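Asks: Residue numbers for the sequence shown, in mature numbering (1 follows the signal peptide of the UniProt record, and there is no 0): -23 to -1, 1 to 161. Quick reminder that beta carbons are idealized off the backbone N, C-alpha and C, glycines included. Bear in mind that the values here come from a model prediction, so they are computed numbers and not experimental data.
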Amino acid sequence: MKTILKSLMMAAFFAGLGSTAYAQKTATAPASATILADLTIELDGTQNEIAFGNLSASTTGPVILDANGLANSNTGTSTNVARFDLGGADGSEVTVSFDEEVLLEGTNNASNTMTMTSQVVGTALAAEQSAAGIVEIGDTVSLVLNQGGTRGEYFLWVGGSFPALAGQNVDIYAGTFNINVEYN
């Protein structure tokens, strides 16, 4: 009888353990999204290419196309920097990413190559290219209300450089510079 009682007590004890209810806990997190004006980036109609001009195959010093338009070195006489116009929500911060280097290939012989190192400068006013500050890959810029008061703007100019061209194969070299912007 003692053994049966002991067995019943043990069974009741273990049955009670199996049916013990644990307190359930829950948590929540808020969810949100901010919808901003479309972010745009457009190549300017006039400053629409990165052009170093006509260069000598025996240029002994570095070739520099200054993005600020102030200090070109060893370039041809007819040069151009590219300008990209950003637009979006006024006061918004935008992260800028771009190709640090651009491979230029010969159009007559694709095995002829040169590597351009990019230089990017930017400012909130289109008329201030010469005073624009350096923009590094991954930098954040702020869109500033345009003169018409309808959206935020920011302007980026792109130049670049090559090392000395001594011994460079004669060819017409071309490549593509890529730039990306996104809201923070």
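Which residues does DSSP list as the beta-bridge partners of residue 137?
Replies: 42 and 95
Asks: Using the beta-carbon count (16 or more within 10 Å), is residue 77 buried or exposed?
Replies: That one is exposed.
Asks: Roughly how many angstroms separate the alpha carbons of residue -1 and residue 12, rounded to a whole number?
Replies: 40 Å
Asks: For the beta strand (DSSP E) containing residue 60, list its first residue and its last residue.
Replies: 59 to 65
Asks: At which residues does the beta strand (DSSP E) containing residue 71 begin and terminate?
Replies: 70 to 75
Asks: Could you tell me whether the Cβ atoms of residue 71 and residue 130 are closer together than 8 Å?
Replies: no
Asks: Taking a contact to mean a Cβ-Cβ separation below 8 Å, would you say residue 54 touches residue 29 in this structure?
Replies: no
Asks: For the beta strand (DSSP E) holding residue 82, just list the boundary residues, first then last.
Replies: 78 to 83
Asks: In this structure, how does DSSP classify residue 103 when only helix, strand and coil are distinguished?
Replies: helix
Asks: Buried or exposed for residue 149, going by 16 or more other Cβ atoms inside 10 Å?
Replies: With fewer than 16 Cβ atoms within 10 Å of its Cβ, residue 149 is classed as exposed.
Asks: Residue 111 bridges to which residues according to DSSP?
Replies: 98
Asks: Among 104, 157 and 34, which residue has its Cα nearest to the Cα of residue 24?
Replies: In terms of CA proximity to residue 24, 104 leads the group 104, 157 and 34.
Asks: Quick one, which of 136, 65 and 2 has its alpha-carbon nearest residue 122's?
Replies: Measuring from the Cα of residue 122, the nearest candidate turns out to be 65.
Asks: Tell me whether residue 26 sits in a helix, a strand or coil according to DSSP, three-state version.
Replies: Residue 26 falls in the coil class under three-state DSSP.
Asks: Can you tell me the Cα-Cα spacing of residue 250 and residue 140, whole angstroms?
Replies: Nothing can be reported for residue 250: it is not among the residues displayed for the chain, which extend from -23 to 161.
Asks: Can you tell me whether DSSP reads residue -2 as helix, strand or coil?
Replies: The answer is coil: DSSP assigns residue -2 none of H, G, I, E or B.
Asks: Please check the pair residue 110 and residue 100, which I expect to be a contact at CB under 8 Å, by giving their CB distance rounded to whole angstroms.
Replies: 7 Å
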